[in-house]
Amino acid sequence: LAAGLSRGQFDEVWAAGRGRWKMYREQLRPFPHVPAALSALQAAGCNVGVLAQAPETGERLAERFERMGIACFLDGTLTSRDLAPRHDMTAAALERLNMSADQTAVVLQEESSDVHEDEGGFFQVAVASTATAAVDAHVTGLDELARRYCMRDQYCRAA
1035 LAAGLSRGQF
1045 DEVWAAGRGR
1055 WKMYREQLRP
1065 FPHVPAALSA
1075 LQAAGCNVGV
1085 LAQAPETGER
1095 LAERFERMGI
1105 ACFLDGTLTS
1115 RDLAPRHDMT
1125 AAALERLNMS
1135 ADQTAVVLQE
1145 ESSDVHEDEG
1155 GFFQVAVAST
1165 ATAAVDAHVT
1175 GLDELARRYC
1185 MRDQYCRAA
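Following the numbering used here from start to finish, the sequence shown increments by one per residue and tops out at 1193.
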């Protein structure tokens, strides 16, 4: 074990932390501004989906979003587990959601992202990020994203 713990010590630490982890997951809530921002995106007619790098399925993640009170704002939830073994997760997710790259704005929070240059065609928005990577726009939060980009016809549901 990399931390220098014996197998028994590791098991003891793991068992001690499981209760805390369960409590954390059950009490998880979105940041205060997130429901309002998602509501504004929905009201503007934007399709909003989540593509997450996660060991669980999109269905399980959607259940967690339901408990958090934000599932009603999402058109789809997919994870890397749903799309395995494909490496082009973003393209695979778009196929599943029946969307094209030119209809998609990818919202990034970190400098590193699962969106690769070779996938191309995505409008990339960095949210509350200091990323200097080549993105199309920077916004300070989801509320600004809703104000600035949801009125663009290509990101919105057909009226």
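Glycine included, every Cβ here is placed at the ideal spot set by N, Cα and C.
This one's a predicted model, so the numbers in the text were calculated from it and none came from an experiment.
| Check | Outcome |
| --- | --- |
| Residues near residue 1068 in its chain [Cβ-Cβ closer than 8 Å; skip 5 each side] | 1104 and 1176 |
| Beta-ladder partner(s) of residue 1086, from DSSP | 1113 |
| Contacts around residue 1109, its chain only, beta-carbon distance under 8 Å, and the 5 residues preceding and following it disregarded | 1081, 1082, 1083 and 1131 |
| Through-space distance from residue 1091 to residue 1062, alpha-carbon basis | 18 Å |
| Residue closest to residue 1072, alpha-carbon to alpha-carbon, out of 1099, 1053, 1088 and 1043 | 1099 |
| Own chain partners of residue 1207 with C-beta closer than 8 Å, once the 5 adjacent residues on each side are dropped | Here the chain comprises residues numbered 1035 to 1193, so residue 1207 is not present and cannot be evaluated. |
| Which of helix, strand or coil DSSP assigns to residue 1077 | helix |
| Residue-chain proximity (residue 1096, chain B), Cβ-Cβ < 8 Å | The chain labelled as chain B is not found in the depicted structure, where only one protein chain is given. |
| Best match in 1051, 1048, 1077 and 1054 for proximity to residue 1181 [C-alpha to C-alpha] | 1077 |
| Where residue 1116 falls, given that 16 or more other Cβ within 10 Å makes a residue buried | buried |
| Buried or exposed by the 16-neighbour rule on C-beta atoms within 10 Å, applied to residue 1134 | exposed |
| Supposed contact pair residue 1124 and residue 1141 - C-beta distance, whole angstroms, cut 8 Å | In fact, because the Cβ distance is near 12 Å, the residues do not count as touching under 8 Å. |
| Terminal residues of the alpha helix (DSSP H) in which residue 1127 lies | 1123–1131 |
| Residues near residue 1055 in its chain [Cβ-Cβ closer than 7 Å; skip 5 each side] | none |
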